[in-house]
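Chemist: Protein chains in written order, with this note's numbering: chain A, 1 to 166; chain E, 167 to 447.
In this text, a Cβ means the ideal position worked out from N, Cα and C, and glycines have one as well.
Everything numeric in this text was worked out from a predicted model, so none of it was measured.
1) Since residue 422/E sits in a beta bridge, which residues does DSSP pair it with?
2) Under the DSSP definition of a beta bridge, which residues are partnered with residue 375/E?
3) Per DSSP, what kind of secondary structure is residue 287/E in: helix, strand or coil?
4) Look up residue 369/E in the DSSP assignment and say whether it is helix, strand or coil.
5) Could you tell me which of 373/E, 397/E, 379/E sits nearest to residue 36/A, measuring between CA atoms?
6) DSSP three-state label for residue 344/E, please.
7) By the three-class DSSP mapping on this structure, what secondary structure does residue 18/A have?
8) Ends of the beta strand (DSSP E) at residue 361/E?
9) Does the beta-carbon of residue 69/A have 16 or more other beta-carbons within 10 angstroms, so that it is buried, or is it exposed?
10) May I have the straight-line CA-CA distance separating residue 38/A from residue 3/A, to the nearest angstrom?
11) Taking the alpha carbon of residue 414/E as the point to measure from, which residue in 378/E, 345/E, 396/E has its own alpha carbon closest?
12) Rounded to whole angstroms, what's the CA-CA distance from residue 75/A to residue 60/A? Just pull it up for me.
13) Along chain A, in chain order, which residues have C-beta atoms closer than 9 Å to that of residue 389/E?
14) In chain A, which residues lie with their C-beta within 8 Å of the C-beta of residue 179/E?
15) Strictly under 8 Å for the Cβ-Cβ distance: is residue 456/E near chain A by that measure?
16) Can you pull the DSSP bridge partners for residue 439/E?
17) So residue 289/E contacts chain A; which residues on that side make the cut at Cβ distance below 8 Å?
18) Give the residues from the stretch 352-379 of chain E that approach chain A closer than 8 Å (Cβ to any Cβ), ordered along the chain.
19) Could you check where the alpha helix (DSSP H) with residue 157/A kicks off and where it finishes?
20) Hey, would you say residue 328/E sits closer than 8 Å to residue 348/E, going by beta carbons?
21) Here's a check: name, in chain order, each residue in its chain whose Cβ is nearer than 7 Å to the Cβ of residue 126/A, leaving out the five neighbours to either side.
22) Quick check: what's the CA-CA separation for residue 438/E versus residue 128/A?
23) Name the residue from 225/E, 180/E, 330/E, 323/E whose alpha carbon lies nearest to the alpha carbon of residue 345/E.
24) Is residue 441/E closer than 8 Å to residue 292/E when the C-beta atoms are compared?
25) Applying the 10 Å Cβ sphere with the 16-neighbour rule, what's the burial state of residue 307/E?
26) Exposed or buried, residue 176/E, counting other C-beta atoms within 10 Å across all chains shown (16 or more means buried)?
27) Locate the beta strand (DSSP E) running through residue 412/E, then write down its first and last residues.
28) Going by Cα to Cα distance, which pick from 144/A, 107/A, 104/A is closest to residue 122/A?
29) Within the continuous beta strand (DSSP E) that includes residue 303/E, where are the two ends?
30) Can you name the residues that DSSP bridges to residue 329/E?
31) Would a check of beta-carbon distances place residue 51/A closer than 8 Å to chain E?
32) Over what stretch of residues does the beta strand (DSSP E) that includes residue 43/A continue unbroken?
33) Beta-carbon within less than 7 Å of residue 116/A's beta-carbon, same chain only, minus the 5 sequence neighbours each way: which residues are those?
34) Round the Cβ separation of residue 386/E and residue 406/E to the nearest angstrom and send it over; I've been treating them as touching at under 8 Å.
35) With respect to the alpha helix (DSSP H) encompassing residue 89/A, which residues constitute its N-terminal and C-terminal limits?
36) Looking at chain E, is there any beta carbon in it that lies within less than 8 Å of the beta carbon of residue 142/A?
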């Protein structure tokens, strides 16, 4: 039991700098380097990777903190993404604990799901705010997902290393 | 084991709901003040973002220097040393010159508005939002410096950038005129026709906003200056927002609309000014 707790503590400790690093890259560096005016989002990827590699509890916990950081990086109160990412992490973790094999293909599938959920959430928020045409917004959301997907592999590899800490 | 995991999952979900509820309630109570999580995270993230911004800036400077150095390395040693020396002098001169321009623009702005008494707070931009559907940034001063929600924010040239939409103790969020949630009373400088400047997602990607609700028959001409009306009392009148870039098709046909290109250059913003209060003499 003590070994399990120690392992959990060490992993949690390793997740902190990783989450902060992703947050800093997303909030302070990527906004300075948009591609065709679109910025990548890294935090949805860690929700997917934590859910796939760590299961339901890790997915939910990382989802909670990643959601808070996402809201902060959007200069918004910690409501929408805090909830969405937490439930997304729980859902991905549950799927991987019960149905999917915790391997890279499952992560690819789940990271697409996470990026889609993130984009759709942003899109719905924007639609509520302005009620303008959905087509140009869909293009932006799609391009955002594509650009973010470039970072999928490194995020997975680091998360997997964290989950292997003994 | 499975029950234990389900239990933990439910606890995590409950914590997320609780955090969101506390944030929502705190915003409702304090109307526009930053929520609890932002207040708690601010002492950590504001300095971290500031440091990252300055590190990225420094790296960009180093990259720029190395790039120029590579070009110059083809020349002989004496000229290279001379150029490096001149380059150093030029860099210093440019910095002084830019600062001088900023101050001169500010002086021109205050003389343009000589009948108004502005209480300005100079602030530095920390970071832009990472959202692709919004246009806002955080600055390094907040409620401790007297900044409040609704304060207008201008560039050193006196061009309207946006308004303060959220304030924490040592930082504030500024939403720009391009953002789709923004709506500011405006008029055409040449004809005095009034309308509303608001964000429009279709124009937002091109760095423009929309001047809508202009009366049918208004005289909208390309290049017309668009300035604030000052109605509502939160934003001073006569602040330059931008100029008419094109006249837009309006399906309703009851009013006119135009695309407005803001005069402030958002991509190069570093220092901006918050109008904390103003008096019309």
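Modeler: The structure says:
1) Looking up residue 422/E in the second chain gives position 256. DSSP, once it has assigned bridges, lists 380/E as partnering residue 422/E.
2) Looking up residue 375/E in the second chain gives position 209. Paired residue(s): 426/E.
3) Looking up residue 287/E in the second chain gives position 121. Looking at residue 287/E - three-state DSSP - the assignment turns out to be strand.
4) Translated into the one-based positions of the second chain, residue 369/E becomes position 203. The answer is helix: DSSP assigns residue 369/E an H, G or I state.
5) For the purposes of this step, residue 36/A is taken as residue 36 along the first chain, with counting starting at 1. Closest by alpha carbon: 373/E.
6) Position 178 of the second chain, counted from the start, is the residue given in the question as residue 344/E. Here residue 344/E sits in coil by DSSP.
7) Within the first chain, the letter at position 18 stands for residue 18/A. Three-state DSSP puts residue 18/A in a helix.
8) The residue you call residue 361/E lines up with position 195 of the second chain. Note, residue 361/E: beta strand (DSSP E), 360-364.
9) Within the first chain, numbered from 1, the residue matching residue 69/A stands at position 69. By the neighbour-count rule (16 or more Cβ atoms within 10 Å), residue 69/A is buried.
10) The residue labelled residue 38/A in the question sits at position 38 within the first chain. The residue labelled residue 3/A in the question sits at position 3 within the first chain. So the two alpha carbons sit approximately 45 Å from each other.
11) Here residue 414/E refers to the residue found at position 248 of the second chain. Residue 414/E has its Cα closest to that of 378/E, out of 378/E, 345/E, 396/E.
12) Here residue 75/A corresponds to residue number 75 of the first chain, with the count starting at 1. Here residue 60/A corresponds to residue number 60 of the first chain, with the count starting at 1. Computed Cα separation, rounded: 23 Å.
13) Within the second chain, the letter at position 223 stands for residue 389/E. Residues of chain A passing the Cβ test: none, with the nearest at roughly 25 Å.
14) Reading the second chain from its first residue, position 13 is the one you call residue 179/E. The contacting residues are 60, 86, 87, 90.
15) As displayed, chain E neither begins before 167 nor continues past 447, which places residue 456/E out of reach and without an answer.
16) For the purposes of this step, residue 439/E is taken as residue 273 along the second chain, with counting starting at 1. Per DSSP, 288/E, 320/E.
17) What you label residue 289/E is simply residue 123 of the second chain in a count that begins at 1. Those do not exist, as residue 289/E stays about 15 Å from chain A at its closest Cβ, beyond 8 Å.
18) 365, 366, 367, 368, 371
19) Position 157 of the first chain holds residue 157/A. Counting along the chain, the alpha helix (DSSP H) containing residue 157/A begins and ends at 152-163.
20) Locating residue 328/E in the second chain gives position 162, counting from the first residue. Locating residue 348/E in the second chain gives position 182, counting from the first residue. Yes, they are a contact pair.
21) The count along the first chain starts at 1 and reaches residue 126/A at position 126. So the qualifying residues of the chain are 137.
22) Locating residue 438/E in the second chain gives position 272, counting from the first residue. Locating residue 128/A in the first chain gives position 128, counting from the first residue. About 30 Å.
23) Working through the second chain from its first residue, we reach residue 345/E at position 179. Checking every option, the nearest Cα to that of residue 345/E belongs to 330/E.
24) Here residue 292/E refers to the residue found at position 126 when the second chain is read from its first residue. Here residue 441/E refers to the residue found at position 275 when the second chain is read from its first residue. No. Outside cutoff.
25) The count along the second chain starts at 1 and reaches residue 307/E at position 141. Flag for residue 307/E reads buried.
26) By 1-based counting over the second chain, the position of residue 176/E is 10. Exposed.
27) For this step, residue 412/E is matched to residue 246 along the second chain. 406-414 is the span of the beta strand (DSSP E), which, as asked, contains residue 412/E.
28) The residue you call residue 122/A lines up with position 122 of the first chain. For the residues 144/A, 107/A, 104/A, the minimum Cα distance to residue 122/A belongs to 144/A.
29) Against the second chain, residue 303/E aligns to sequence position 137. Taken as a continuous stretch (DSSP letters only), the beta strand (DSSP E) holding residue 303/E covers 302-305.
30) Position 163 of the second chain, counted from the first residue, corresponds to residue 329/E. Partner(s): 318/E, 341/E.
31) Against the first chain, residue 51/A aligns to sequence position 51. Residue 51/A does not count as touching chain E.
32) For the purposes of this step, residue 43/A is taken as residue 43 along the first chain, with counting starting at 1. Element bounds for residue 43/A: not the beta strand (DSSP E) but the alpha helix (DSSP H), 43-54.
33) As a working note, residue 116/A is residue 116 in the first chain. Cβ neighbours of residue 116/A beyond the five flanking positions: 145.
34) Position 220 of the second chain holds residue 386/E. Position 240 of the second chain holds residue 406/E. With 8 Å as the limit, residue 386/E and residue 406/E do not qualify as a contact, their Cβ atoms being about 17 Å apart.
35) Position 89 of the first chain, counted from the start, is the residue given in the question as residue 89/A. First-last of the alpha helix (DSSP H) with residue 89/A: 80-98.
36) Start at 1 with the first residue of the first chain, and residue 142/A comes out as number 142. No, because no Cβ of chain E sits closer than 8 Å to the Cβ of residue 142/A.
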